[in-house]
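Below is one structure, written out as structure tokens; the observations come after it.
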Amino acid sequence: MLMDTIAAISTPLGEGGIAVIRVSGLDAVPSVERIFRSKTKLSNAETHTVHYGYIVEPASAERIEEVLVTLMKAPRSFTMENVVEISCHGGIVSVKKVLDLLLQQPGVRLAEPGEFTKRAFLNGRIDLTQAEAVIDLIRAKSDRAFKVALKQVEGNLSKQIKQLRYVLVELMAHVEVNIDYPEHDVEEMTNALIKGKCEQVGAEIDRLLITAEQGKILREGIETAIVGRPNVGKSSLLNELAQENRAIVTDIPGTTRDVIEEFVNVGGVPLKLLDTAGIRETTDIVEQIGVERSKTALAEADLILLVLNRSEELQLDEIAMMKQLADRQTIVILNKIDLPQRLDVDIVRGYFPKERIVELSLIENKGIEQLEKAISNIFFEGKLESSDLTYVSNIRHISLLKQAKRSLTDALEANEQYVPIDMIQIDIRAAWEYLGEIIGDSVGESLIDQIFTQFCLGK
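Just so we're aligned: 439 in UniProt numbering is position 439 of the sequence shown, and the numbers increase by one with no gaps anywhere.
Below you can see the structure in the form of structure tokens.
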């Protein structure tokens, strides 16, 4: 499989200015050369050069497409193999014709999802954390999520994990010396070293795990439900945050009958907004279904934006909802501050602290910055990531870090109880191996396949 030459479309399908077809493998250059006509032969060309020409049908010499071909010779390519990229006109028919011609060449097959990145990993250009970060880079929903992923692609997390493994390797080597040469009587010193090094690595793992929740938020977004009575401004809020008219806004209560989803970027934090049907008693069967779906979204949300109309008195069902949400991650939005106030804010303050209460006027576009600050205070303690902080966001990484920490804790407990050091060595090695699984130094083939199947074709 690794010796095959693979090809795939690397740009989204559909109409566009340019489409790119990527080819990688031992036969990448001769395979493209058979169907490419230019002043310069690819096999004689310098690496990292671009060549203008035509894709032709080899048998008839019929011109199929006008293209630019980029040549990258091994090992100076993403896969560390010979890579050729064909840039043709973006269009379903033109791209398909070029790809079909390529796949007709001997030894060329269609790439599997993520196979280009998988080859970069298997050929040692990147480790597993960097490979997984490529997915996050593609799926990033905000600038901050993109920056976090980019740091991992650049190897920030890998460097830290490798440093922790190095500390544990040194410790294991010291323990081996103690086991092999007991006559030197250094066990007491070894016990002190085990305590110091395990605590050092454990503290670094704790520091990485502290970032996990914030990293997960930046990676996946915050599931956010917008709830409230009908006609309080929920859909207007969604439209304002999304910067487009995603939801119908009228003066007629009950316009929203279903849950509307939209990803938005609020102050650099990705929110998966769920605009729900107004929660109220109704005899309308369709609206009843919408209300039930709203209640389900409310139960599953990480963040709740409870919208109240400040120009109306509080209703009993709104007070009941505040009681229900007082212990949840909730921000109360007092909307329509451009109108005369009739709502008793002191009642709201009885359930929520003032930093969780935001006053808005969507008509006058006031209060959005205050909402952004409130969200940041809840999930980032008022601070978003610094430029040099490495965030752990991948669930697999988080799980392995926790297992490594557990093994180090076991080693420390055994050390305090003066368990023989060769037994303590087992837990230290387990921690070292768990950390190795993060970067791919000790990971099974089935897991590697599972990770790379999450990629799209051509990546």
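We treat Cβ as the ideally placed atom computed from N, Cα and C, and that holds for glycine.
These numbers come from a predicted model, not from an experiment.
Distance between P340 and L305 (C-alpha atoms, nearest Å): Answer to the nearest angstrom: the Cα atoms are 22 Å apart.
For S361, three-class secondary structure by DSSP: In the structure shown, the three-state DSSP call for S361 is strand.
Close-in-space but distant-in-sequence residues of the same chain around P58 (CB under 7 Å, 5 per side omitted): So the qualifying residues of the chain are R34 and I35.
Proximity below 8 Å, CB of G233 to CB of N309: Contact: yes.
Span of the beta strand (DSSP E) around Y54: Taken as a continuous stretch (DSSP letters only), the beta strand (DSSP E) holding Y54 covers T49 to V56.
Given P30 as reference, the closest of R22, V20, L42 and I21 once Cα atoms are compared: Of the candidates R22, V20, L42 and I21, the one whose C-alpha sits nearest the C-alpha of P30 is L42.
Same chain, Cβ closer than 8 Å to V349, five either side skipped, listed in chain order: At residue 349 the sequence reads Arg, which differs from the Val that was named. Excluding positions up to five away in sequence, the list reads I357.
Distance, N335 Cα to L360 Cα: The C-alpha of L360 lies about 5 Å from the C-alpha of N335.
Cβ-Cβ distance between I347 and L314 below 8 Å: Closer than 8 Å, so yes.
For W432 and D449, the rounded distance between their alpha carbons: Put simply, the backbone Cα of D449 is about 23 Å away from that of W432.
Exposure label - Q130; buried when at least 16 CB within 10 Å: Burial call: buried.
Helix, strand or coil at G90 according to DSSP, with G and I counted as helix: Three-state result, G90: strand.
Exposure label - F78; buried when at least 16 CB within 10 Å: Using a 10 angstroms sphere on the CB of F78, the tally of other CB atoms reaches 16 or more, which defines it as buried.
R63: first and last residue of the uninterrupted beta strand (DSSP E) it sits in: Per DSSP, R63 belongs to the beta strand (DSSP E) from R63 to M72.
Length of the line joining the Cα atoms of E401 and D344: One detail in the question is off: residue 401 reads as Leu in this sequence, not Glu. A direct Cα-to-Cα measurement between L401 and D344 gives close to 48 Å.
Pairwise C-alpha distance: R119 and D251: Because D251 sits at a pLDDT of 43, beneath the cut-off of 50, its placement in the model cannot be relied upon, and the point is left open.
For E318 and G228, the rounded distance between their alpha carbons: Cα-Cα distance, rounded: 7 Å.
Same chain only: Cβ atoms within 7 Å of S94, ignoring 5 sequence neighbours per side: E65 and C88.
Cutoff 6 Å; reference E81; Cβ partners in own chain excluding five residues on either side: Taken in chain order, the residues that qualify are S24, G25 and A74.
L103 vs L110 beta-carbon contact at 8 Å: A contact, by the Cβ cut-off of 8 Å.
Cβ-Cβ separation, G16 to G90 (assumed contact under 8 Å), whole Å: Contact flag correct, Cβ pair sits at about 3 Å.
N- and C-terminal bounds of the alpha helix (DSSP H) containing L42: Counted as a single uninterrupted DSSP element, the stretch harbouring L42 is not any alpha helix (DSSP H), since DSSP gives it neither H nor E.
The stretch 211-230 / the stretch 391-400 touching (three or more Cβ pairs under 8 Å): Counting Cβ pairs under 8 Å, three or more are found: they touch.
Alpha-carbon spacing of K159 relative to I126, whole angstroms: So the two alpha carbons sit approximately 12 Å from each other.
Counted within 10 angstroms of its Cβ, other Cβ atoms place T224 as buried (16 or more) or exposed: So T224 ends up on the buried side.
Nearest to G440 (by Cα), restricted to the options R76, S38, L157 and V84: It is L157 whose Cα lies nearest to the Cα of G440.
Coarse secondary structure for P270, derived from DSSP in three states: Here P270 sits in strand by DSSP.
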